[in-house]
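Chemist: I have a structure here, written as structure tokens, and I will follow up with some questions on it.
In structure tokens:
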């Protein structure tokens with residue numbers, strides 16, 4: 006959210022962001038998705054209570070002290086191929 010807001014004056018639009026999970030050592034991402042109406046806010050984040058997260062529990066919280074975590078979709082198949090091109 007802050008990234009999109011900060012670079013908006015360079016014509017960056019928040020729909021250009023894509024939530025994903027990456028493996029730095031592989032230089033590719035494994036899990037990705039598009040922003041969804043099913044998410045709690047327009048940028049695909051889901052809000053969780055800070056105190057609950059600190060205690061190791063993930064409990065959604067839209068009021069009070071909360072932290073936004075980006076959601077992404079898991080691959081349709083657990084198959085991941087590592088190839089040398």
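Residue numbers (this note's numbering): 6 to 90. The beta carbon of each residue, even a glycine, is placed where N, CA and C say it ideally should be. On a predicted model such as this, the values are computed, not experimentally measured, just so you know.
#1: Along the chain, where does the alpha helix (DSSP H) containing residue 73 start, and where does it finish?
#2: Put residue 51 into one of helix, strand or coil per three-state DSSP.
#3: In whole angstroms, what is the alpha-carbon distance linking residue 133 and residue 14?
#4: In chain order, what residues of the same chain have a beta carbon less than 6 Å from the beta carbon of residue 5, not counting five sequence neighbours either side?
#5: If you run the structure through DSSP and keep just helix, strand and coil, what is residue 24?
#6: Residue 19 to residue 67, Cα distance in whole Å?
Modeler: Once the coordinates are examined:
#1: First-last for residue 73: 71-75, but that is the beta strand (DSSP E), not the alpha helix (DSSP H).
#2: strand
#3: Within the shown structure, residues of the chain are numbered from 6 to 90, placing residue 133 beyond reach of any answer.
#4: Shown here, the chain extends from 6 to 90; a query on residue 5 therefore has no answer.
#5: coil
#6: Cα to Cα, residue 19 sits roughly 21 Å from residue 67.
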